[in-house]
Every structure is written in C-alpha cells, then in structure tokens.
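> In the numbering used here, the protein residues as written are 6 to 395.
Built from N, CA and C at the ideal position, the CB exists for glycine as well.
Since the model is a prediction, treat every value here as computed from it, not as a measurement.
#1: To which residues of the same chain is residue 388 closer than 6 Å at the C-beta, ignoring the five residues directly before and after it?
#2: Just checking, does the segment 154 to 162 make contact with the segment 353 to 371 on the three C-beta pairs under 8 Å criterion?
#3: Given this structure, state the Cα-to-Cα distance separating residue 284 from residue 228, to the nearest angstrom.
#4: With a cut-off of 8 Å on the beta carbons, I'd call residue 92 and residue 24 a contact; round off their distance for me.
#5: May I ask which residues mark the beginning and end of the beta strand (DSSP E) holding residue 302?
#6: According to DSSP, is residue 20 helix, strand or coil?
#7: Hey, out of 280, 213, 232, whose CA is closest to residue 201's CA?
#8: Do you know offhand how far residue 173's Cα is from residue 256's?
#9: Between the segment 124 to 141 and the segment 316 to 335, do three or more beta carbon pairs fall short of 8 Å?
#10: Since residue 261 and residue 280 are thought to touch, with beta carbons under 8 Å apart, how far apart are those beta carbons, to the nearest angstrom?
#11: Going by the C-beta, is residue 19 closer than 8 Å to any heavy atom of the ligand SAM?
#12: Taking only runs that begin and end inside the segment 231 to 264, name each unbroken beta strand (DSSP E) of 3 or more residues, in chain order.
#13: For the alpha helix (DSSP H) that residue 313 lies in, which residues bound it at each end?
#14: Please determine, among 347, 55, 95, the residue with the shortest C-alpha to C-alpha distance to residue 88.
#15: By Cβ distance, which residues of its chain are closer than 7 Å to residue 311, with the 5 residues on each side in sequence left out?
#16: Measure the beta-carbon distance from residue 195 to residue 220 and round it to whole angstroms, keeping in mind my assumption that it falls under 8 Å.
#17: Which partner residues of residue 390 appear in the DSSP bridge assignment?
#18: How close, in whole Å, do the beta carbons of residue 339 and residue 369 come, if the pair is a contact with beta carbons under 8 Å?
#19: Which term fits residue 20, buried or exposed, when burial requires 16 or more other beta carbons within 10 angstroms of its beta carbon?
#20: Applying the 10 Å Cβ sphere with the 16-neighbour rule, what's the burial state of residue 270?
#21: Are the CB atoms of residue 190 and residue 1 within a distance shorter than 9 Å?
#22: Assign residue 42 to one of two classes, buried (16 or more other C-beta atoms within 10 Å of its C-beta) or exposed (fewer than that).
#23: Report the three-state DSSP secondary structure of residue 124 (helix, strand or coil).
#24: Put residue 269 into one of helix, strand or coil per three-state DSSP.
#25: Residue range of the beta strand (DSSP E) that residue 373 falls in?
#26: If we count the other Cβ atoms within 10 Å of its Cβ and call it buried at 16 or more, is residue 142 buried or exposed?
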C-alpha cells in the first residue's frame, strides 16, 4: 500500500502558477522549462502558466530577458496547487538565452541585439530581422524598399508589419499595394520585435506572403533623457524621452524626435522629419490597458534615379540628378488602444483598436523627358485617408 501511494503522488499531477516581478506585476512571455521531462511552456499575459503532467523532484527553470533565471524543485505540496514565482530583475546578458526546439530563439536574440546596440532609425529596426534587406531610393521620406529571402517585397506588398497590433501596411495605396511607412516609429521607444518568415499565414493578414514583423513599444522608460546628434551634410537629430507618471500599476511617458539633413547629393535633400508620441499603460491583477498616440510629418526633395550612361559620359556626377524637383511630403497621426482582460486562468479577452489619419504626396520622374520633351514626365501620387480598425 505504501508503494502504491508513493507512485500515485509522484506521477500524473498538474501544476499551476503565476509569475510576478518584484513589484508584484505579472510577467508575460516567461519561459518555463522542465529539465526532467524537457517539457516547456510560456507564461500568459497575466503571468499564468501550467503543466499537465509533473512529478515530485522535477526541476523547473524560469527565464526571461531582463530577469535572473530562477529554478524550483517540485515538492509534494506543490502538486495540484498554485504556486507564485517572483523574478528578480537583472541586466540583459547572452547567458540568458536558452535554445530549445520550437522556442522563438531568433526573436529573443533580436531583442538582445537591440538592448546592446540601440537603433537610430526605423530602417535599422527592420534590419534586425535576419535576411530582411532594405533600401531607400527617394530622399529618405518614402517607405523603404524591402527584400526577404529572394522576394522583392516592394514597399510592403508581401510582408505584414504592425506596431502594438496596429497595421502599418496601407491597402490600395497610391504608391503601391501594402505600402508600409514605418518612419512614425521613434527608435528609442522600441521594446521588442517578433517576426516569422515563410509562407502565407491567415492569422497575420493578406500581406504576410513572405513573412511578418510585429513591433512592440515600451510600456515605460527607465529615465528621462535628451539626446542631440550632429553630423556631416547639415545633419541634426534630437530625441527626447520624459516620464509623465510612474506608480506600481500605472506608467506614462512622452517621446519626440526631430531630424534634419541635406544628404550627400549635389542637390540638397532639405529633409526634415518630426515625430511625437505619448504612451499610457495601466495594469492590475488580470487586466492590462495601453493607450497611445503619435504624430509624424516629413518633407523632402530627391534627386531620383539616374541613367548610368549619364555618369559614364560625365554629364552628371554619381550624386547628381536629371530632375532634382522630385520629392514629397507625408504625415500620419495614430491613436491606438490595447486591452487585455483575464476571465480566469484559462480564458481571456484581448481587444485592439486604432484610428489613423494619413496623407501622402509624392513627385517622381522615371522617364525624364521621354514622353514630354518640353515639360518632362514627372508624375504626382497623392492620397488622404482616415482609417478605423479593431
């Protein structure tokens, strides 16, 4: 009878628990690894996790970027009960990466890379995705040309991009289907970047033909700061981050970015960009709320594309132009909301909604004076739209 009882208490039991930080806020996305059985899971947005089959003396490891790895040896009193795990904050280090099949290891490596080498532009944000190449060919104001695994994604036609679950891609855009201009993102507000590459997945929408990129912004900032950068070609960049509110359950901050440059072309770009952003985050047991707003505007001139033969003959230099009146202007104002409500340990409701006011005007000249030798072949692409989504 004693042997039978011991066997019963050792196998086939369930373990439930919640993971918190030192401020008793639930921590989502924590990896929970059973070293004994090699089973693994993640904590949900409310910090909840569970294992269906666990035994006495199994050893669990809890790991997440920004926290010290914690282990727990399962005791008899833990079986069929709920445990609370508190993680201690720690600097990010490569030692925290645990490579296990099916884990999002590459996304975690991207986050470490971002922590150690902060990005300075939205272009660099996308460059953190392995295999994703970008190129700018219109003065710095347009969305970048994207390439992934041999696919020419144009300006976003075949890749889905989102910020805090708000789509960046524009349907039926004047310049191209799926146009995704990420310049409204202030790099210093980037928290994490998740991505998937491969075939079409319905869960990410119509544009995820070659892959998807999901960007998350910070819920809070560590400290107030103002950064001023200057360089050649009349280049100037200023960034400001300021805390507005910070309590145990509520955080709010504002951020701004201004960029000016003439570029290295013969005809100055006269490029300027302004970004403003505000972010409010509230959390309590089983509920999270994020409210955010941003405004972006930019104006620029561009030298456009040039024929190689004009450079070879010395008509223009490598950084010259045939039509230097190309360029454009654009702006985007966003208001978005993310809400999460835990009903119980197994059920939850997640809601996202957004409003975007957007305008765009672009002047391009691809054939110079081929069709109209007098006035030239310059074209204008323009649109103004209001987008609502949930």
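On the basis of the coordinates in this document:
#1: Here residue 388 corresponds to residue number 383 of the chain shown, with the count starting at 1. Answer for residue 388: 179, 365, listed in chain order.
#2: The answer is no - the segment 353 to 371 does not touch the segment 154 to 162, with fewer than three Cβ pairs under 8 Å.
#3: Translated into positions along the chain shown, residue 284 becomes position 279. Translated into positions along the chain shown, residue 228 becomes position 223. Answer to the nearest angstrom: the Cα atoms are 15 Å apart.
#4: Taking the chain shown and counting its residues from 1, the one referred to as residue 92 is at position 87. Taking the chain shown and counting its residues from 1, the one referred to as residue 24 is at position 19. With a Cβ gap of about 6 Å, residue 92 and residue 24 count as contacting.
#5: To locate residue 302, count along the chain shown from 1; it is residue 297. Run containing residue 302: 292 to 307, per the beta strand (DSSP E) assignment.
#6: Here residue 20 refers to the residue found at position 15 of the chain shown. It is a strand residue.
#7: Residue mapping note: residue 201 aligns to position 196 of the chain shown, counting from 1. Closest option to residue 201, Cα to Cα, is 213.
#8: For the purposes of this step, residue 173 is identified with residue 168 of the chain shown, where counting begins at 1. For the purposes of this step, residue 256 is identified with residue 251 of the chain shown, where counting begins at 1. In a straight line, the C-alpha of residue 173 is about 25 Å away from that of residue 256.
#9: no
#10: The residue you call residue 261 lines up with position 256 of the chain shown. The residue you call residue 280 lines up with position 275 of the chain shown. Sure, about 6 Å apart at Cβ, within 8 Å.
#11: Summarising the ligand content, the structure contains no ligands, and the ligand SAM is consequently not present.
#12: 240 to 251
#13: In the chain shown, the residue the question calls residue 313 occupies position 308. It spans 313 to 317 - the alpha helix (DSSP H) in which residue 313 sits, taken as one unbroken run.
#14: Here residue 88 corresponds to residue number 83 of the chain shown, with the count starting at 1. If we check each option's Cα against that of residue 88, 55 comes out closest.
#15: The residue given as residue 311 occupies position 306 in the chain shown. 321, 325, 326, 327.
#16: Within the chain shown, numbered from 1, the residue matching residue 195 stands at position 190. Within the chain shown, numbered from 1, the residue matching residue 220 stands at position 215. Indeed, because the Cβ distance is near 7 Å, the residues count as touching under 8 Å.
#17: In the chain shown, the residue the question calls residue 390 occupies position 385. DSSP lists 363 as partners of residue 390.
#18: In the chain shown, counting from the first residue as 1, residue 339 sits at position 334. In the chain shown, counting from the first residue as 1, residue 369 sits at position 364. Actually they are not in contact, since the Cβ atoms of residue 339 and residue 369 sit about 26 Å apart, beyond 8 Å.
#19: What you label residue 20 is simply residue 15 of the chain shown in a count that begins at 1. The residue is buried, with at least 16 neighbouring Cβ atoms inside 10 Å.
#20: Taking the first residue of the chain shown as position 1, residue 270 is located at position 265. Flag for residue 270 reads buried.
#21: This structure leaves residue 1 out entirely; the chain is present only between 6 and 395.
#22: Taking the chain shown and counting its residues from 1, the one referred to as residue 42 is at position 37. Burial call: exposed.
#23: On the chain shown, residue 124 is found 119 positions in, with the first residue counted as 1. The answer is coil: DSSP assigns residue 124 none of H, G, I, E or B.
#24: Translated into the one-based positions of the chain shown, residue 269 becomes position 264. Three-state result, residue 269: coil.
#25: Numbered from 1 along the chain shown, position 368 holds the residue referred to as residue 373. Residue 373 -> no beta strand (DSSP E), and no H or E assigned at all.
#26: What you label residue 142 is simply residue 137 of the chain shown in a count that begins at 1. Counting of Cβ neighbours within 10 angstroms places residue 142 among the exposed residues, the total staying below 16.
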